[in-house]
Each structure stands twice: as structure tokens, then as C-alpha cells.
Amino acid sequence: MTDLTYREAMRGAIRTAMQEDERVFLMGEDVGHYGGCYAVTKGLLEEFGPQRIRDTPLSESAFTGAGIGAAMNGVRPIVEIMTCNFSLLALDQIMNNAATMRHMSGGQVTVPIVIRMATGGGRQLAAQHSHSLEGWYAHIPGLRVLAPATVEDAGGMLGPALADPDPVLIFENALLYNETGPAGDPGSVDIDHAAIRREGSDISLITYGGSLGKTLAAAGQLAGDGIDAEVLDLRVLRPLDDDAILATLAKTRRCVIVDEGWRSGSLSAEIMARIVEQGFWTLDAPLARVCSEEVPIPYAAHLEEAALPSAEKIVTAARTVLGR
Amino acid sequence: MGVFTMPSLGADMEAGTLVEWLKQPGERVDHGDIIAVVETDKGAIEVEVFEAGEIEALLVDPGQSVPVGTALARIAGDGHAEGHVSDDAGIDTDKPPAAAAAAVSPPEQKRPPRIAAELRASPAARTLAADRGIDLAAITGTGPDGAIQLSDVESAGVQPATAHSNGVDPSAMRRAIAAAMGRSKRDIPHYYLMHRIDMAPTLSWLSKYNEARAPAERLLLGVVLLKAAAVAVGDFPDFNGFYKADGYQPSEAVHVGSAISIRGGGLAAPAIRNTAEHSLPDLMKKLRDLVARTRRGELRSSEIGDPTVTISSLGERGVDSLWPIIYPPQVAIIGFGSPRTHPWASDDALAIRPVMNVSLAGDHRANDGHRGALLLRHIEELLAHPEDL
Amino acid sequence: MPEIRALVIEEIEAIAPDVAPVTIGDDEDVRDALDLDSMDIFNLIAALHQRTGIDIPDAEAARFVTVGGAVQWLLENGPG
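Residue numbers (the working numbering), protein chains in the order written: chain W, 1 to 324; chain Z, 1 to 389; chain S, 1 to 80.
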């Protein structure tokens, strides 16, 4: 099986979708002539032409709204928003239109749109380009929220997302674009379930997206100390795969949640709440989590590094939970 | 709780390699002790600790290179331990870790606040302890800050008398007794009855029985009491069975447990299965065997887990009465005091008779005092005609 | 007499291995000194009966709560 970059896998998924279904088109800022802010769409303008690869004005609300309207009228738009930080300009469209239309129309109108956006810090892009807001979107009923963390998921999630009759948001951690890995079989990827990325018996490390690599590195360090950590990749942030979360908890009875979002009111908080609601009697230690520090993500490299989750922080948290 | 961190051995030091640990977990360290050797670009340096306490865990292996400020070891003591070099290394020891170093170091994970005076036990540990009737207060936790974890309950739940083939572990047995009796007194609404019995018929029958027999064929009074109790509870099923989550379940079989004291402390109450179905000589053999094996720590798990009711007999050197505690999930325990000669009113005359107090502790969730009184009366009748036992 | 005393001690240690080795005065009550109970005394008499062949009536059991009493009784009632 060939190794691809995350970027190439995503591009390949867009290409395949556009080849297979002429209703699919892509639009966003700089996706055409520039090839995409993260070069995901490089070459697609030449291949599919300006009707289907559309550069838009710098107005997230306008082009996201246009995409929602297009989806309501039977086409299959992929909207790329440069980073999730800018998606707040489109939040009204995403929440008040995309997420609610099926409900408001009594089931007559659906919004089969896919909105892709980059997320996460670690690239010294400072506080207006580095935040992780996927937890906010995971709050909203009516949306499906995906966080591909592997090359295989980057290539495989777009297809089922486009097939979903309701709006799907895909959060791509920008640090992952250069990661390489096996392409996998895109046909075997689902958008319903979490996945165990490493089997273990002593403690569960639950994470998603850009933190998966750090978490696997932490699990490797812990293994050196005889601590056998299981790593669960959530993959789908809404709806959460409660069964997978509780199954790994039932096995290890301890857990650390790694979430690049801020701690307060976060996805990690929601996961903790569900564990306590549904798995309290199986727990053998207090729950712990590693999140971003509650500051705007700093520009300075060492401060940014200190603000984000790291393998060392995960190792420390796991050791604290285990008391060793 | 202190954390010993990779010290900053000069403003330009960003990381150090741990060469060797000179102290191991469990060892005590005092202010100024050298606990590790760290390799820096200035050479190998012996690192001191400035906190007294016990090394709880070493967090970094020799050969690992870690940034300044990284936790190297946990020390159980007060305050925050900070690594320093010894003075003869010729480096400023008063310099705190640089701000930049602190920024790249993983901060110590904060523990959730503890509730004062609260027993620290995980939900999983509590669930298992409740299932097994184990008192958490009797368990020593091995988790963070001494928290009781599932594994602690699992190891505490081993039946003490079966765990040691070459003897009895007194501390484990004491924990088991503490757990069972603590649970009993917490959960079971005991009521108590006591009845005085004229033992003259029983004892004279017994001495006549023994007179004609070789020593090994004789009977002890305890066996007669055991059989009488077994036959009696067979007729009173509300005293023979188990009270569990779904209420009281009488047992069809009667397996009477006998409280057997262990010299030096402790006791066990193993059962002789289907007690009422054995003849007195058979029961005597079984009881002899059971007492011997109990004291050697060789009980079988079925004997431990099986009793449907228990008797406690003080024997000839005890005291007049006892108020026993029910062994959960059983619902009754019968106590036999020491027979002793007492003045006894008989047919308008005063006589001297061997008198024994028999007591009953009943679980009021499963049975009542009126029935308990009838049960003790029944035992009295049975003991008056030991030849029928 | 020393042999019989050794025999009694040996049998006590055999029936109650948890109290071995037994060092006890002749007049000490084994029930107080060694925490033996009626079952132990029963076993002791049965064992001494088997070892010596001497029939020990149940009524004499009270003599066997001290080592001295047991030795004395066996000497008085033994064949030789």
C-alpha cells in the first residue's frame, strides 16, 4: 500500500468525489489559483475548471451561506474555510441555517454540505489563527463533526461525509498535512465510530485529531516504564461514540483525555461527564485531562509549546492517575 | 509530595541526561543528599536534593535526556523539591530554573482536591468491596495518596484461611473478620433472645454414652449442640438461608457453620454440609477433622462459603452467655454458653442443675422474635432427648 | 516416667502443632497455658489411648488437663 501525505490523501478524496459525482463542487478562499492555503486543492482548478473549483471573496458568511443554499437545491458543495478561527464569521450560517433547516422545514429540506476547515496551533501563527474550536461545533445538534487524525481517515472520511444528507464539518489539524502514512482503503472508513489506535490495559488515553500523534508518543514512553496505555482516537466528535469510550474505560478503569481545546466547557469536559454518568462504578481512579492552557495561543515558540498538549504532559498526567 | 526536577546548571543549559540514580524508590533522602548523576555539556554532575522524605518513584530512566524542569522523581515529603548541584561543582546553586526552562517543562498535574477525613477509594473498589462484604476501612490502599484501588480490594478479598496452606495469616484473617462483622453490624438489624436450659438430661446421657466407649469413639457436648441446632433450624426455615439484594431466600439444605477459634487470635466458621443428616458419631469425626484443618489453615472454599446458619459454642471454660454477631448473608447465629451448675427450681423444690444459656441473634429483616423464641424452645426439647438425635 | 512425660508432650504437639514446641510445668493447666480446648483434650486422650493401649475412662478426663496429672494417671493405671 502506498504512503501518502495527509494533504495528498485529502486532495485525492476531493478528486475522487468530483470525478464520481458531477454535483460535487468546491469553493473557498484561494482554493483555485493559489491551490489552497495549505495546498490541499493544488492542481484541481486545472483539472476541473473554474465552475467546480471556485475562488470566493473573503467573506465566510457569504460563501458558506451560498454553499448551504446550493446544498438545499440539490448539489453537493464542499466549502473550505481557511481556519476554524475564521469560521466564526460563518457561524450564523452554519448554526442557524445548516444545522436547523431539516428541523425548521419539517423534514422537507436537508442540507447535504461538507465544510472543511483547518484547526489547531503549533505553527507560530498566533492567537487569531491557532485555536481549536471543533468542541464548539460538537455542541450543535444537527451537525456531524469529524476529526480525521490519520492519512487513511483524511482520504476516507470525505466520501461518506458527502453521502450524508445532513451537514458535516471536517476539522483538519494543520500540523497533520505533512504527515505521511498508508493510504488505507477509503471504502472501509466510516464516520460513526471511534477507533483503538493502540491496545493497552492500564490506562485509556482518549484523544482525536492533531493530538493523536502526541498521545501515541506518550503511550510509547509509558510502555518503557511498564505502563500499558490504550489509545482511543475519537474520529467523530459529534455524535460521540459513547460505546467505544465506555468499552475502553471498562477495560482499563482509568483515563486521561487529551484535547487541544481549552479546558473549560470543552469536549474533554463532555467526555468526562459521560464517563461519570455511564461508567462511574467502573472507575478506579480520578479522571484526568490534558488540554490547551487557558490563554490565547501565544506567538512565541516556547510559549506556544508550553500552551499546547505535549507527550510529556500526557505522560505526567497518566502517571499521576496511576500513582507511579 | 515533592517533585525533584532536572535542575538548571547554568543559564545556558536547556537539557540534561540522567546518567545514574544513586537512590531508589523507598529510600529516605535528607537535605543535601546526592541522589543522581546528570550529564551536561559541562560534564557529569552529582545532583543534590534539598528536601527530606522518601523517594516514591523515579520518573526518568538513566540515559534519557530531558529538558530542564522535567520531573525526575517524586518524593513523599513536604513542599517542592528542587534539584541543585553540589557546591564543589562551582556553579551558582542559588539560581532558580530559568523562566524559559519552566515554560518547556511539563507542569505537575494537579490532583483533584481531596475531601477531608474521607476514605479514599475508587468507585470500582467500592463496588467490589460491597459485593464481597469487605470493609474498606480495613484495607490499605496502594493508589495515589494511599487511595484504595480495585486491585487492593481484590487482594484483600482472598479468603484468609484458604490462602495459606502452611498456616493462618492472622492479619488477613483479622481483616476478613473486621469486614464481615463490620458489614453485619452496619446492615443487619439484630435482635437477641436468651433462654436457660437444664442440661442434666443431655449431660447424663452423654456421660453414659461415653462411659462404654473407647476414647476415640466418644462424643463431645459440642457435637450434640451442633446436631440439635441443625435439626432445629431445619424446622424453622426462616432462620436458615441468606439475605441478599433481592431479599431473604431460605435454604433447603442445612449447612451449620461452627465458630472455631484460632489460638493467638482470630476465628473461622466453616460448615459441615447437610449437618442434620449425619449421625452424632459421624458429626464428631467431621468436627474433629474440621477443627484440625481450620487451625492448620487448610479449609476448603466450600466450607467457608457454604454455611446457612452458624453456631458459636463457648465450651466448658467460657462464660455464661454470648451475644453473637450474624455472619452475613446468613440471618441467624445461635450461641451456647458454658454449662454451669446453678440453683434450679424444679417441681416446687430447689435443685442444683447444670444450666446452659442458649442465645439467638436474628436478622429482623428475615425473622421475628416470636419465631426465634420458638426456635430456642425447640432446641431445648431436642437437647432433653439426645438419644433421638 | 521421663519417657511417659515425653510421650505426653509429643502428643500435645501432634494434636496442636500450632503450640509446638511445648514447654510447660507439670502442674500447669494446658487449657490455660496452651489455650487447648475440650476438642484438644479429647484428641490427646484418644492419642494416648492409641499409643499406650491403656483404656482411659471418660470420667478420668479431668486428670488430663495437666501434664503431671496425665503422667501420674498413666503410671498408676498402666500395665507395668
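Idealized CB from N, CA, C, for every residue including glycine.
Report task. Can you tell me which of the three DSSP states W/Tyr6 falls into? Result -> In the first sequence, counting from the first residue as 1, residue 6 of chain W sits at position 6. Residue state, collapsed to three classes: helix.
Query raised in the report: Out of curiosity, what's the CA-to-CA distance linking S/Ile54 and Z/Gly257?
Result: Here residue 54 of chain S corresponds to residue number 54 of the third sequence, with the count starting at 1. Here residue 257 of chain Z corresponds to residue number 257 of the second sequence, with the count starting at 1. If I take the Cα positions, the gap works out to 35 Å.
Query raised in the report: Which chain Z residues are close to W/Ala285, counting only those with a beta carbon under 8 Å from its beta carbon?
Result: Counting from one through the first sequence, the residue named residue 285 of chain W turns up at place 285. The answer, in chain order, is Ser122, Gly143, Pro144, Ala147 and Gln149.
Query raised in the report: Are S/Asp37 and Z/Gly315 close, meaning C-beta to C-beta below 7 Å?
Result: Here residue 37 of chain S refers to the residue found at position 37 of the third sequence. Here residue 315 of chain Z refers to the residue found at position 315 of the second sequence. For S/Asp37 and Z/Gly315, yes; Cβs fall inside 7 Å.
**Report entry** is_contact[Z/Arg126, chain S] using C-beta, thresh 7 Å
**Finding:** The residue labelled residue 126 of chain Z in the question sits at position 126 within the second sequence. No, because no Cβ of chain S sits closer than 7 Å to the Cβ of Z/Arg126.
Query raised in the report: Which of helix, strand or coil does DSSP assign to Z/Gly335?
Result: One-based indexing of the second sequence puts residue 335 of chain Z at position 335. Strand.
**Report entry** Limits of the unbroken beta strand (DSSP E) element including Z/Lys244
**Finding:** By one-based count along the second sequence, residue 244 of chain Z stands at place 244. Taken as a continuous stretch (DSSP letters only), the beta strand (DSSP E) holding Z/Lys244 covers Gly241 to Lys244.
Query raised in the report: Per DSSP, what kind of secondary structure is W/Leu235 in: helix, strand or coil?
Result: If you number the first sequence from 1, residue 235 of chain W lands on position 235. Looking at the sequence itself, residue 235 of chain W is Arg, so the reference to Leu does not match. Of the three classes helix, strand and coil, the one that applies to W/Arg235 here is coil, per DSSP.
Query - Nearest residue (CA-CA) to W/Ile203, options W/Val189, W/Ala219 and W/Ser188 - result: Indexing the first sequence from 1 puts residue 203 of chain W at position 203. It is W/Ala219.
Query raised in the report: Of all the CB atoms in chain S, is at least one closer than 7 Å to the CB of Z/Glu211?
Result: In the second sequence, the residue the question calls residue 211 of chain Z occupies position 211. So yes, Z/Glu211 belongs to the interface.
Query raised in the report: For W/Arg253 and chain Z, any beta-carbon pair shorter than 7 Å?
Result: The count along the first sequence starts at 1 and reaches residue 253 of chain W at position 253. At least one chain Z Cβ lies under 7 Å of W/Arg253.
Query - Touch test, the region 331-344 of chain Z against the region 357-377 of chain Z, Cβ-Cβ under 8 Å, three pairs minimum - result: yes
Query raised in the report: Closer than 7 Å, CB to CB, is S/Gly69 near chain Z or not?
Result: As a first step, residue 69 of chain S must be located in the third sequence, where it is residue number 69. Not closer than 7 Å to any Cβ of chain Z, the Cβ of S/Gly69 fails to qualify, so no.
Report task. With 7 Å as the threshold, decide whether the Cβ of W/Thr110 is near any Cβ in chain Z. Result -> By one-based count along the first sequence, residue 110 of chain W stands at place 110. Not an interface residue.
Query raised in the report: Z/Ile352 and Z/Thr341: beta carbons closer than 7 Å?
Result: As a position in the second sequence, residue 352 of chain Z is number 352, starting the count at 1. As a position in the second sequence, residue 341 of chain Z is number 341, starting the count at 1. Yes, Cβ-Cβ distance for Z/Ile352 and Z/Thr341 is below 7 Å.
Requested in this report: Leaving aside the five residues before and after S/Asp47 along the sequence, list all residues of the same chain whose C-beta is less than 7 Å from its C-beta, in chain order.
Outcome: Taking the third sequence and counting its residues from 1, the one referred to as residue 47 of chain S is at position 47. A quick correction: the sequence has Ala, not Asp, at residue 47 of chain S. Excluding sequence neighbours, S/Ala47 sits near Glu11, Ala14 and Ile15.
Requested in this report: Following the continuous alpha helix (DSSP H) through Z/Asp371, name the residue where it begins and the one where it ends.
Outcome: Translated into positions along the second sequence, residue 371 of chain Z becomes position 371. Note that residue 371 of chain Z is Arg in the sequence shown, not Asp. First-last of the alpha helix (DSSP H) with Z/Arg371: Gly369 to Ala384.
Query raised in the report: At which residues does the alpha helix (DSSP H) containing W/Phe63 begin and terminate?
Result: Walking along the first sequence from the start, residue 63 of chain W turns up at place 63. Per DSSP, W/Phe63 belongs to the alpha helix (DSSP H) from Glu60 to Met72.
Query - Beta carbon proximity, S/Phe42 to chain Z, threshold 7 Å - result: Indexing the third sequence from 1 puts residue 42 of chain S at position 42. Cβ-Cβ to chain Z under 7 Å: yes for S/Phe42.
Query raised in the report: Who are the neighbours of W/Phe280 on chain Z, taking C-beta pairs under 8 Å?
Result: Residue mapping note: residue 280 of chain W aligns to position 280 of the first sequence, counting from 1. Going along chain Z in sequence order, the residues near W/Phe280 (Cβ under 8 Å) are Pro123.
Query raised in the report: Does the Cβ-Cβ distance between W/Gln124 and W/Ala301 come in under 7 Å?
Result: Residue 124 of chain W sits at position 124 when you count from the first residue of the first sequence. Residue 301 of chain W sits at position 301 when you count from the first residue of the first sequence. It is a contact, given that the beta carbons lie within the stated cut-off.
**Report entry** Interface flag, W/Gly323 vs chain Z, CB-CB below 7 Å
**Finding:** Residue 323 of chain W sits at position 323 when you count from the first residue of the first sequence. Answer yes: the Cβ-Cβ gap between W/Gly323 and chain Z drops below 7 Å somewhere.
Report task. Spell out whether any CB of chain S is found under 7 Å from the CB atom of Z/Arg263. Result -> Position 263 of the second sequence holds residue 263 of chain Z. It does; some Cβ of chain S falls within 7 Å.
**Report entry** Complete alpha helix (DSSP H) runs within the region 196-222 of chain W (minimum length 4 residues, chain order)
**Finding:** none
Report task. Would you mind working out which of W/Val315, W/Arg263, W/Thr320 and W/Ile271 sits nearest W/Ser292, comparing C-alpha positions? Result -> Taking the first sequence and counting its residues from 1, one reaches residue 292 of chain W at position 292. That would be W/Arg263, whose Cα lies nearest to the Cα of W/Ser292.
Requested in this report: May I have the straight-line CA-CA distance separating S/Ala6 from S/Asp29, to the nearest angstrom?
Outcome: Against the third sequence, residue 6 of chain S aligns to sequence position 6. Against the third sequence, residue 29 of chain S aligns to sequence position 29. Each residue's alpha carbon lies about 17 Å from the other.
Requested in this report: Please classify Z/Ala36: does DSSP put it in a helix, a strand, or coil?
Outcome: In the second sequence, counting from the first residue as 1, residue 36 of chain Z sits at position 36. Strand, per DSSP.
Query raised in the report: Of the residues that make up the region 296-319 of chain W, which ones have a beta carbon closer than 8 Å to any beta carbon in chain Z?
Result: His302, Leu303, Glu305, Ala306, Ser310, Glu312, Lys313, Val315, Thr316, Ala317 and Arg319
Query raised in the report: From W/His193 to Z/Asp238, what does the alpha carbon distance come to, in whole angstroms?
Result: Counting from one through the first sequence, the residue named residue 193 of chain W turns up at place 193. Counting from one through the second sequence, the residue named residue 238 of chain Z turns up at place 238. W/His193 and Z/Asp238: Cα-Cα distance of roughly 53 Å.
Requested in this report: Under the assumption that W/Arg144 contacts W/Val111 (Cβ atoms under 8 Å), give the Cβ distance between them as a whole number of angstroms.
Outcome: Start at 1 with the first residue of the first sequence, and residue 144 of chain W comes out as number 144. Start at 1 with the first residue of the first sequence, and residue 111 of chain W comes out as number 111. The Cβ separation is near 11 Å, so there is no contact.
Report task. Note down, in chain order, each residue of its chain lying with its Cβ closer than 6 Å to the Cβ of W/Leu44, except the 5 sequence neighbours on either side. Result -> As a working note, residue 44 of chain W is residue 44 in the first sequence. Counting only Cβ-Cβ distances below 6 Å, and skipping sequence neighbours, we find Ile53.
Query raised in the report: What first and last residue would you give for the alpha helix (DSSP H) that runs through W/Glu155?
Result: On the first sequence, residue 155 of chain W is found 155 positions in, with the first residue counted as 1. Here the sequence assigns Gly to residue 155 of chain W, which means Glu is not the residue at that position. Val151 to Gly156 is the extent of the alpha helix (DSSP H) around W/Gly155.
Report task. Measuring only between beta-carbons, confirm whether S/Asp26 sits less than 7 Å from chain Z. Result -> As a first step, residue 26 of chain S is located in the third sequence; it is residue number 26 there, counting from the start. Taking Cβ atoms only, chain Z never reaches closer than 7 Å to S/Asp26, which makes this a no.
Query raised in the report: Are there 16 or more other CB atoms within 10 angstroms of the CB of W/Glu22, so buried, or fewer, so exposed?
Result: If you number the first sequence from 1, residue 22 of chain W lands on position 22. Classification for W/Glu22: exposed.
**Report entry** CA-to-CA distance, W/Val321 to W/Gly106, given in whole angstroms
**Finding:** The residue given as residue 106 of chain W occupies position 106 in the first sequence. The residue given as residue 321 of chain W occupies position 321 in the first sequence. Between W/Gly106 and W/Val321, the C-alpha separation is close to 48 Å.
Query - Sequence-distant residues of its chain with Cβ nearer than 8 Å to W/Leu212 (five each side left out) - result: Here residue 212 of chain W is taken as the residue at index 212 of the first sequence, counted from 1. Same-chain partners within the cutoff: Ala149, Thr150, Arg197, Val231 and Asp233.
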